[in-house]
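Undergrad: Residue numbers (the numbering used here): 409 to 819.
Cβ atoms here follow ideal geometry from the backbone N, Cα and C, with glycine treated the same way.
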Ligand SMILES: [Zn+2]
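1) From residue 540 to residue 562, what distance separates their C-alpha atoms?
2) Just verifying my parser: in three-state terms, what is the DSSP assignment at residue 551?
3) Under a Cβ-count criterion, where at least 16 other Cβ atoms within 10 Å of its own Cβ denotes burial, should residue 502 be classed as buried or exposed?
4) Looking only at C-alpha atoms, which of 620, 671, 474 and 680 sits nearest to residue 648?
5) When DSSP labels each residue in this structure, what does residue 678 get in the three-state scheme?
6) First and last residue of the beta strand (DSSP E) that includes residue 622?
7) Which whole-angstrom value describes the C-beta separation of residue 748 and residue 813, a residue pair presumed to lie in contact below a C-beta threshold of 8 Å?
8) Assuming residue 484 and residue 818 are in contact, meaning their beta carbons sit under 8 Å apart, how far apart are those beta carbons, in whole angstroms?
9) Going by the DSSP bridge assignment, what does residue 782 pair with across the sheet?
10) Do residue 417 and residue 458 have their CB atoms nearer than 8 Å?
11) Quick one: give me the first and last residue of the beta strand (DSSP E) that residue 773 is part of.
12) Going by C-alpha distance, which of 467, 614 and 695 is nearest residue 652?
13) So what does DSSP say about residue 569, is it helix, strand or coil?
14) Got a sec, what are the start and stop residues for the alpha helix (DSSP H) residue 824 sits in?
15) Kindly list the residues whose CB is nearer than 7 Å to the CB of residue 410, restricted to its own chain and excluding five residues on each side of it in sequence; keep chain order.
16) Closer than 7 Å from C-beta to any heavy atom of ligand 1: which residues, in chain order?
17) Below 8 Å between beta carbons: does that hold for residue 787 and residue 551?
18) Going by beta carbon distance, what residues of the same chain come within less than 6 Å of residue 494, once the five residues before and after it are set aside?
19) Just how far apart, CA to CA, sit residue 566 and residue 491?
20) Mind the definition here: the segment 695-706 touches the segment 613-625 only if three or more C-beta pairs lie below 8 Å; say whether that holds.
21) So, with DSSP's three-state summary, where would you put residue 725?
22) Within the continuous alpha helix (DSSP H) that includes residue 512, where are the two ends?
23) How about residue 434 and residue 496: are their beta carbons less than 8 Å apart?
24) Only counting the same chain, and skipping five residues up and downstream in sequence, which positions put a Cβ closer than 6 Å to that of residue 536?
25) Report the rounded CA-to-CA distance for residue 703 versus residue 667, giving the unit in angstroms.
26) Cutting at 7 Å between CB atoms, please list the residues of its own chain near residue 569, excluding the five before and the five after it.
27) Can you tell me the Cα-Cα spacing of residue 633 and residue 741, whole angstroms?
28) I'd like the span of the beta strand (DSSP E) that includes residue 696, first residue to last.
29) Would residue 768 be called buried (16 or more neighbouring beta carbons within 10 Å of its own) or exposed?
30) Taking Cβ positions, are residue 475 and residue 505 nearer each other than 8 Å?
31) Once DSSP output is grouped into helix, strand and coil, what is the label at residue 592?
32) Do the segment 589-608 and the segment 672-691 make contact, defined as three or more Cβ pairs closer than 8 Å?
33) Might you give, ordered along the chain, the residues of its own chain that have their beta carbon closer than 6 Å to the beta carbon of residue 527, omitting 5 neighbours on each side?
34) What did DSSP end up calling residue 744 once you bin it into helix, strand or coil?
35) Rounded to whole angstroms, what's the CA-CA distance from residue 744 to residue 778? Just pull it up for me.
Below you can see the structure in the form of structure tokens.
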């Protein structure tokens, strides 16, 4: 036996030491930094220990291959990411990579031999260092152009092309990172839920049936920035009060969505000029609407825009709508969902069939490939935060379900 108890937990703890800002309490490990390179090198040694053949593609995605007995057959892909956002937790993404390595150990110890090759992947840049997330999987899906690499910049103005070059990768080889759909049988990603659904229902494991995608847009209300003392209440065109009405309307409209799964959030409010003695003349609201049901999501977006126009009209104001991003929700593949559900049943577990509210690399690849996801609980739903936590036994359960799923998909 080669699986000392706690190997996965020790590896998660060790990877957490690759951290650019330990003083802040969380983990900061952005893609293409020297710290990220160090972490990826450590992951490579663990992949080698699991007997995998390694390669890194043009965008920095790391692959570890367990060759199957039928070398030409489409492969089974599994993995997630080991980059983090700023001051983040130890499990987001990391579980899907290190858990996949542990699943390989489990399967080897069981004497399993894959028919289809199993390829582990650590996608580069799932977190949006360059404004756009999932750059590694977007490149693999052929959704990133050479021009994008110059256009996308981080908060310090470093372009993605420059960051790639600094990491020893050649941005001009971007096209080589593309994965042809016929070469992949299925992709499955193990991940922490990052929500409170499993914990709230006291359920140990989730099998994802669809991955929601965001439609983000900005509402800009324009009224009149007049003097707070000299403008009587009846003569005001207060853009912030109008925007406040819109925020309440967004909550009401999202709650009433026909799918029952739409979520609507105003995460950013900018009120200008931003002085205590001036009526706010311009307010920007950045709105995020998500659902796995694209039609329901778009109906909510249309209703929000309609409500914003009515509110603006009633207050003699203007409202403008600017698109930010509109991604396509993805339905998980029934065969992957079935394989994961059977793997749960084999372990005596009843999975919760659920949608993923957050987006993942699996969503990007799911536009071209059959994909699925397995969720383990997140304590308090906390993620992207130092307090992110999943108990060791819950991690192990996720790995066991992933191993069973891989055995079904690759056997
Ligand atoms: Zn993640």
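TA: According to the data block:
1) Using only the alpha carbons, I get a separation of about 10 Å.
2) Correct three-state label for residue 551: coil.
3) Per the 10 Å Cβ criterion, buried.
4) Among 620, 671, 474 and 680, the Cα nearest to that of residue 648 is on 680.
5) Here residue 678 sits in strand by DSSP.
6) Residues 621-630.
7) Rounded to whole angstroms, the Cβ separation of residue 748 and residue 813 is 5 Å, and the two are in contact under 8 Å.
8) Right, their Cβ atoms sit about 4 Å apart.
9) In DSSP, residue 782 forms a bridge with 598 and 615.
10) No; because the gap between Cβ atoms is not below 8 Å, this pair is not in contact.
11) Run containing residue 773: none in the beta strand (DSSP E); it sits in the alpha helix (DSSP H), 769-773.
12) Of the listed residues, the one whose Cα sits closest to residue 652 is 695.
13) Here residue 569 sits in helix by DSSP.
14) Any answer about residue 824 is impossible in this case: the structure gives the chain only from 409 up to 819.
15) The pLDDT assigned to residue 410 is 42, lower than 50, so where the model puts this residue is not dependable; a value taken from the coordinates is nonetheless given after this. Excluding residues up to 5 positions away in sequence, 513 and 517 lie with their Cβ nearer than 7 Å to the Cβ of residue 410 in the same chain.
16) With 7 Å as the limit between CB and the heavy atoms of ligand 1, the residues that fall short of it are 488, 489, 500, 501, 534, 599 and 768.
17) No, the pair does not count as a contact, with Cβ atoms beyond the cut-off.
18) Spatial neighbours of residue 494 in its own chain (CB-CB distance under 6 Å, excluding positions within 5 residues in sequence) are listed in chain order as 436.
19) Rounded to whole angstroms, residue 566 to residue 491 spans 17 Å at the Cα level.
20) Output reads yes: the segment 613-625 touches the segment 695-706.
21) Of the three classes helix, strand and coil, the one that applies to residue 725 here is coil, per DSSP.
22) For residue 512, the enclosing alpha helix (DSSP H) has its first and last residue at 502-517.
23) Against a cut-off of 8 Å, the Cβ pair of residue 496 and residue 434 comes out as a contact.
24) The beta carbon of residue 536 sits closer than 6 Å to no other beta carbon from its chain once the five residues preceding and following it are set aside.
25) Spanning the two alpha carbons is a distance of roughly 9 Å.
26) For residue 569, where only same-chain residues beyond five positions count, the Cβ hits under 7 Å are 557, 558 and 579.
27) Answer to the nearest angstrom: the Cα atoms are 53 Å apart.
28) For residue 696, the enclosing beta strand (DSSP E) starts and ends at 690-699.
29) Under this definition residue 768 is a buried residue.
30) The answer is no: Cβ separation not under 8 Å.
31) Note: residue 592 maps to strand in three-state DSSP.
32) At 8 Å Cβ cutoff, the stretches do not touch.
33) Counting only Cβ-Cβ distances below 6 Å, and skipping sequence neighbours, we find 471, 473, 483 and 485.
34) Shown here, residue 744 sits in a helix according to DSSP, grouped into three states.
35) Here the C-alpha atom of residue 744 lies approximately 7 Å from the C-alpha atom of residue 778.
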